[in-house]
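Okay, so here's the structure we're looking at.
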Amino acid sequence: MNRYEKAAGAAVALMLIAGAAIFFYAPTDWLQGPVQRIFYLHVSSAIAAFGSFAVVLVGGVIYLRNASPVADRLARAGALVGVVFTTVTLVMGMLWAKKVWGAFWVWDARLTSTLVLWIIYAGYLLVRRLADPGRQAARFAAVVGIFGFIDVPVVYFSVSWWATQHPGPVIINDALPPQMLATFLFTMACTAVLAGVMIAIRYRIEALLDERERVFEPANVIVAREPQTAP
Amino acid sequence: MTYLVLAYAFAVAVLGGYLVWSLRRLRELERRQL
Numbered sequence: 001m002n003r004y005e006k007a008a009g010a011a012v013a014l015m016l017i018a019g020a021a022i023f024f025y026a027p028t029d030w031l032q033g034p035v036q037r038i039f040y041l042h043v044s045s046a047i048a049a050f051g052s053f054a055v056v057l058v059g060g061v062i063y064l065r066n067a068s069p070v071a072d073r074l075a076r077a078g079a080l081v082g083v084v085f086t087t088v089t090l091v092m093g094m095l096w097a098k099k100v101w102g103a104f105w106v107w108d109a110r111l112t113s114t115l116v117l118w119i120i121y122a123g124y125l126l127v128r129r130l131a132d133p134g135r136q137a138a139r140f141a142a143v144v145g146i147f148g149f150i151d152v153p154v155v156y157f158s159v160s161w162w163a164t165q166h167p168g169p170v171i172i173n174d175a176l177p178p179q180m181l182a183t184f185l186f187t188m189a190c191t192a193v194l195a196g197v198m199i200a201i202r203y204r205i206e207a208l209l210d211e212r213e214r215v216f217e218p219a220n221v222i223v224a225r226e227p228q229t230a231p
Numbered sequence: 232m233t234y235l236v237l238a239y240a241f242a243v244a245v246l247g248g249y250l251v252w253s254l255r256r257l258r259e260l261e262r263r264q265l
């Protein structure tokens with residue numbers, strides 16, 4: 001068992017403890033009933049996705065400054081893990097919405113901006129897959145990753161900026177009873193650890209792929225050449 | 232209750248599936264490197 005497998009095992013163990021807290025420690029919501037327990041992982045996944053996209057932003061900025069392959073790999077890893085967590089956020093939210101709103105989807109600002117976020121970073125991954133690997137693709141992806149991050153604060157503040165069916169923030173408004181708050185904070189911490197482990201594993205995969213394809217070696221760098229004149 | 236179970240089953244499938252897939256991919260790449 002290598003260190004990545006050990007870290008993954010530890011993250012899974014933490015998530016199992018979080019699951020036990022969600023189902024056996026947190027009280028049942030008197031208004032919504034058991035379905036409210038979706039909240040804990042739904043919101044934690046959204047925060048993990050935001051964190052992962054922040055990694056893409058930081059990686060992109062560093063890459064544009066010094067063309068560091070490390071930063072580019074970090075951005076690629078963050079984008080994939082962010083899309084995974086955004087998928088979980090969206091689908092869990094849709095199932096919760098069906099129960100409490102009577103519809104899987106409404107085109108309100110929070111849901112729409114989150115879907116746009118998913119599309120931006122899924123597009124980022126698609127571009128990375130289709131483009132020839134190398135510095136040109138990395139530079140273009142860094143720009144997409146940086147501009148894509150503009151949607152993260154839009155998602156976060158959408159419930160304040162527009163009238164939405166999606167509820168506003170409950171954490172900063174102190175709207176959770178202590179046991180629910182403790183369960184949420186613990187789940188959020190465990191999900192953050194899981195996201196960190198996933199990014200570390202993906203980073204290692206990207207490093208091995210780069211090494212195999214020799215992506216960042218000078219011979220593979222496309223440079224503008226002076227036109228050759230005939231002798 | 233059905234939606235709660237479905238939501239967590241989906242999350243476990245996606246997060247667990249992704250984690251297992253990435254660990255297998257990593258193991259495969261490291262084996263090829265040796």
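Listed in order, the protein sequences are those of chains V and Y.
Numbering (the working numbering) for the first sequence: 1 to 231.
Numbering (the working numbering) for the second sequence: 232 to 265.
Virtual Cβ for every residue (Gly too), placed ideally from N, Cα, C.
Small disclaimer: the values here were computed from a predicted structure and weren't measured.
query: In angstroms with no decimal places, state the Cα-to-Cα distance between Gly60/V and Ala71/V.; result: 7 Å
query: Out of Gln165/V, Leu57/V, Thr87/V, point me to the one whose CA is closest to Ser44/V's CA.; result: Thr87/V
query: Thinking just about the alpha-carbon of each residue, which of Thr28/V, Gly82/V, Leu14/V is nearest to the one in Met232/Y?; result: Thr28/V
query: Short of 9 Å Cβ to Cβ, which residues in the segment 23 to 35 of chain V face chain Y?; result: Phe23, Gly33, Pro34, Val35
query: What's the C-alpha gap between Thr164/V and Leu130/V?; result: 37 Å
query: Relative to the C-alpha of Leu185/V, which candidate in Gly196/V, Val170/V, Ile199/V has its C-alpha closest?; result: Val170/V
query: Taking 7 Å as the limit between beta carbons, can you name the residues of its chain near Val223/V, skipping five residues before and five after?; result: Because the pLDDT at Val223/V is just 46, under 50, the model does not fix this residue reliably, and the value given afterwards should be weighed accordingly. Closer than 7 Å at Cβ, skipping near neighbours: no residue.
query: Please give me, in chain order, every unbroken run of the alpha helix (DSSP H) with length at least 4 that falls completely inside the segment 72 to 138 of chain V.; result: 109 to 130
query: Spatial neighbours of Ile38/V within its chain, please: C-beta separation below 6 Å, excluding the five flanking residues on both sides.; result: Met92, Trp96
query: If we ignore side chains and look at the alpha-carbon of each, how far apart do Tyr156/V and Arg110/V end up?; result: 8 Å
query: Should Lys6/V go down as buried or exposed, given a rule of 16 or more other Cβ atoms within 10 Å for buried?; result: exposed
query: Could you work out which residue in Arg65/V, Ile146/V, Asp108/V, Val12/V is closest to Ser52/V when comparing CA atoms only?; result: Ile146/V
query: For Val193/V versus Ala49/V, is the C-beta distance shorter than 8 Å?; result: no
query: Looking at the structure shown, is Gly33/V part of a helix, part of a strand, or coil, going by DSSP?; result: strand
query: For Gln36/V and Val100/V, what's the separation of their Cα atoms in angstroms?; result: 9 Å
query: Measure the Cβ-Cβ separation of Ala77/V and Glu206/V and say whether it is below 8 Å.; result: yes
query: Tell me the DSSP secondary structure of Met232/Y in three-state form.; result: coil
query: Would Arg262/Y count as contacting chain V if we go by Cβ distances under 8 Å?; result: no
query: Is there a C-beta anywhere in chain Y that falls below 8 Å from the one on Lys6/V?; result: no
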